[in-house]
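First to last, the sequence lines map onto chains A and B. One point on numbering: in my numbering, the residue at position 58 of the first sequence is 58, and numbering is uninterrupted. Remember, my numbering sits 155 above the position in the second sequence when you count from 1. Beta carbons: idealized from backbone N, C-alpha and C, even for Gly.
There are 2 protein chains.
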Amino acid sequence: MQSQNISDIIEKYLKSILADSQQVEIKRSEIAELFNCVPSQINYVINTRFTIQNGYVVKSKRGGGGYIRIVKVNLLDDSDVIDDLINIIGDEIDFNKAFQIIQSVYQEGMLTRRESNLIISSIDKRTLAFENRQIEKIVRARILISILNRLRYDD
Amino acid sequence: MQSQNISDIIEKYLKSILADSQQVEIKRSEIAELFNCVPSQINYVINTRFTIQNGYVVKSKRGGGGYIRIVKVNLLDDSDVIDDLINIIGDEIDFNKAFQIIQSVYQEGMLTRRESNLIISSIDKRTLAFENRQIEKIVRARILISILNRLRYDD
DNA sequence: TTTAATTTGACTAATATTGACTTTTATTAT
DNA sequence: ATAATAAAAGTCAATATTAGTCAAATTAAA
Numbered sequence: 001m002q003s004q005n006i007s008d009i010i011e012k013y014l015k016s017i018l019a020d021s022q023q024v025e026i027k028r029s030e031i032a033e034l035f036n037c038v039p040s041q042i043n044y045v046i047n048t049r050f051t052i053q054n055g056y057v058v059k060s061k062r063g064g065g066g067y068i069r070i071v072k073v074n075l076l077d078d079s080d081v082i083d084d085l086i087n088i089i090g091d092e093i094d095f096n097k098a099f100q101i102i103q104s105v106y107q108e109g110m111l112t113r114r115e116s117n118l119i120i121s122s123i124d125k126r127t128l129a130f131e132n133r134q135i136e137k138i139v140r141a142r143i144l145i146s147i148l149n150r151l152r153y154d155d
Numbered sequence: 156m157q158s159q160n161i162s163d164i165i166e167k168y169l170k171s172i173l174a175d176s177q178q179v180e181i182k183r184s185e186i187a188e189l190f191n192c193v194p195s196q197i198n199y200v201i202n203t204r205f206t207i208q209n210g211y212v213v214k215s216k217r218g219g220g221g222y223i224r225i226v227k228v229n230l231l232d233d234s235d236v237i238d239d240l241i242n243i244i245g246d247e248i249d250f251n252k253a254f255q256i257i258q259s260v261y262q263e264g265m266l267t268r269r270e271s272n273l274i275i276s277s278i279d280k281r282t283l284a285f286e287n288r289q290i291e292k293i294v295r296a297r298i299l300i301s302i303l304n305r306l307r308y309d310d
């Protein structure tokens with residue numbers, strides 16, 4: 001019923017492989033042919049759905065025998081992870097990126113599902129919609145950073 | 156059997172589907188065509204009849220393969236307490252009042268201690284400090300309301 | 001009559017798709 | 001070894017495909 005665009009379908013395909021193994025290696029043109037799309041669409045899928053915020057690292061090689069490899073990474077020490085994420089966030093951040101960050105923090109086990117949902121509510125577009133589009137992103141970054149910093153210590 | 160305006164008819168149509176399943180996913184333009192109205196009327200119907208107070212959560216995506224999904228959620232018993240709190244908050248709120256509200260929601264057992272602390276981090280004065288003092292309060296009110304609305308239902 | 005609800009459409013924003021062109025790497029021919 | 005060619009993947013901008021917003025116009029209700 002849902003996700004009828006090719007990008008979502010390709011995403012699901014790749015993630016179904018990643019459910020069983022730590023990484024997946026593809027040949028761009030083969031996947032493009034398999035799903036009847038242009039090769040650059042594979043890049044689009046990777047750039048929008050397999051970012052580091054999402055917990056994936058991508059490596060590729062051109063030329064004969066070229067490939068794209070997507071590796072699922074577990075982030076190591078919580079405190080380092082938090083530093084990295086705060087750096088990624090910077091001074092402003094859009095909702096999609098913020099969502100991905102919360103998602104990966106959740107997957108790290110640093111937030112419960114309920115906590116994640118509450119945070120997502122607090123930073124979503126409707127909540128932070130303003131005349132000034134930039135303020136929205138700035139506020140979102142501040143909230144997120146504040147919460148991540150709060151996760152550095154218990155109670 | 157009165158008031159057969161298009162909005163009511165569309166509402167009934169969607170609710171008849173929701174009588175059988177937990178959610179309905181539509182393509183805005185298709186429904187608009189089906190009922191011979193402009194696409195934005197679908198937004199009107201959703202905004203006026205499928206709100207969280209009524210027990211619906213709406214998610215959508217634009218672009219190719221876009222959709223609008225309406226999900227029926229179980230409202231928890233605290234839903235009218237939440238109504239009251241949202242009224243108290245209004246359009247803006249200072250930190251102290253917000254803190255009290257979170258505290259009482261915590262004492263009601265609707266938030267864990269950790270959740271409360273995360274929320275407080277996200278709305279504290281430093282997080283929301285702005286040139287304009289009023290914006291701070293407005294943002295705080297929005298965040299708080301958004302979180303309270305999220306507490307109306309589980310998962 | 002006054003107010004609230006509905007309808008409409010022009011404009012905006014987000015997301016996806018496509019393809020021409022570029023860059024990198026490997027292989028083959030000289 | 002070196003140069004030419006082939007075989008990948010990358011980039012980027014144009015276009016297409018949705019949904020969202022907002023306010024004016026219209027209609028219904030009080």
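message: Checking the sheet assignment: what are the DSSP bridge partners for residue 71 of chain A?
response: A/23, A/57
message: Can you check whether the C-beta of residue 4 of chain A is within less than 8 Å of a C-beta belonging to chain B?
response: yes
- prompt: How would you write the range of the alpha helix (DSSP H) that residue 237 of chain B sits in, first residue to last?
  reply: 234-244
- prompt: Between residue 295 of chain B and the rest of its own chain, which residues show a CB-CB distance below 8 Å, the 5 nearest in sequence each way excluded?
  reply: 247, 248, 249, 250, 253, 278, 283
- prompt: Across which residues does DSSP place residue 308 of chain B in a beta bridge pair?
  reply: B/230
message: For residue 61 of chain A, which residues in the same chain have their Cβ closer than 7 Å to its Cβ, ignoring the five residues on either side in sequence?
response: 67
message: Taking a contact to mean a Cβ-Cβ separation below 8 Å, would you say residue 6 of chain A touches residue 41 of chain A in this structure?
response: yes
query: With burial defined as no fewer than 16 other Cβ atoms inside 10 Å of the residue's Cβ, what is the status of residue 151 of chain A: buried or exposed?
result: buried
message: By the three-class DSSP mapping on this structure, what secondary structure does residue 48 of chain A have?
response: helix
- request: Using only alpha-carbon positions, find the residue among A/27, A/107, A/33, A/102 that is nearest to residue 145 of chain A.
  value: A/102
query: Hey, is the stretch 8-20 of chain A in contact with the stretch 42-51 of chain A, meaning 3+ C-beta pairs nearer than 8 Å?
result: yes
query: Below 8 Å between beta carbons: does that hold for residue 302 of chain B and residue 121 of chain A?
result: yes
message: Using the three-state DSSP reduction, which class does residue 93 of chain A fall into: helix, strand or coil?
response: coil
query: Within 10 angstroms of its Cβ, does residue 186 of chain B collect 16 or more other Cβ (buried), or is it exposed?
result: buried
- request: Taking C-beta pairs closer than 7 Å, name the residues in chain B that residue 117 of chain A reaches, listed in chain order.
  value: 305
field: Span separating the alpha-carbon of residue 198 of chain B from that of residue 190 of chain B
entry: 14 Å
message: In this structure, how does DSSP classify residue 127 of chain A when only helix, strand and coil are distinguished?
response: helix
task: Determine, using beta carbons only, whether residue 301 of chain B comes closer than 8 Å to chain A.
output: yes
task: Starting from the C-beta of residue 25 of chain A, find all residues in its chain whose C-beta is less than 6 Å away, skip the five residues before and the five after it, and write them out in chain order.
output: 67, 69
message: Measuring straight from C-alpha to C-alpha, what distance separates residue 89 of chain A and residue 54 of chain A?
response: 13 Å
query: At a Cβ cut of 9 Å, what residues of the stretch 249-280 of chain B count as close to chain A, listed as they run along the chain?
result: 266, 267, 268, 269, 270, 272, 273, 274, 275, 276, 277, 278, 279
message: Is residue 294 of chain B close to chain A? Criterion is C-beta to C-beta, closer than 8 Å.
response: yes
- request: Just the chain A side, please: which residues come within less than 9 Å of residue 288 of chain B by C-beta, in chain order?
  value: The contacting residues do not exist; residue 288 of chain B stays about 14 Å from chain A at best.
query: By Cβ distance, which residues of its chain are closer than 6 Å to residue 172 of chain B, with the 5 residues on each side in sequence left out?
result: 179
message: On the criterion of 16 or more Cβ atoms from any shown chain inside 10 Å, does residue 153 of chain A qualify as buried, or is it exposed?
response: exposed
query: By the criterion of Cβ-Cβ separation under 9 Å, what are the contact partners of residue 219 of chain B in chain A?
result: 4, 5, 6, 7
task: Taking only the alpha-carbon atoms, compute the straight-line gap between residue 156 of chain B and residue 237 of chain B and give it to the nearest angstrom.
output: Reliability of the predicted coordinates at residue 156 of chain B is poor, the pLDDT of 44 falling under 50, and no value is obtained from them.
task: Would you tell me roughly how many angstroms separate the C-alpha atoms of residue 136 of chain A and residue 297 of chain B, rounded to the nearest one?
output: 12 Å
task: Just mark residue 188 of chain B as buried or exposed, buried being the case when its beta carbon has 16 or more other beta carbons within 10 Å.
output: exposed
task: Report all residues from its chain with a CB closer than 6 Å to the CB of residue 138 of chain A; omit the five preceding and five following residues, and keep chain order.
output: 92
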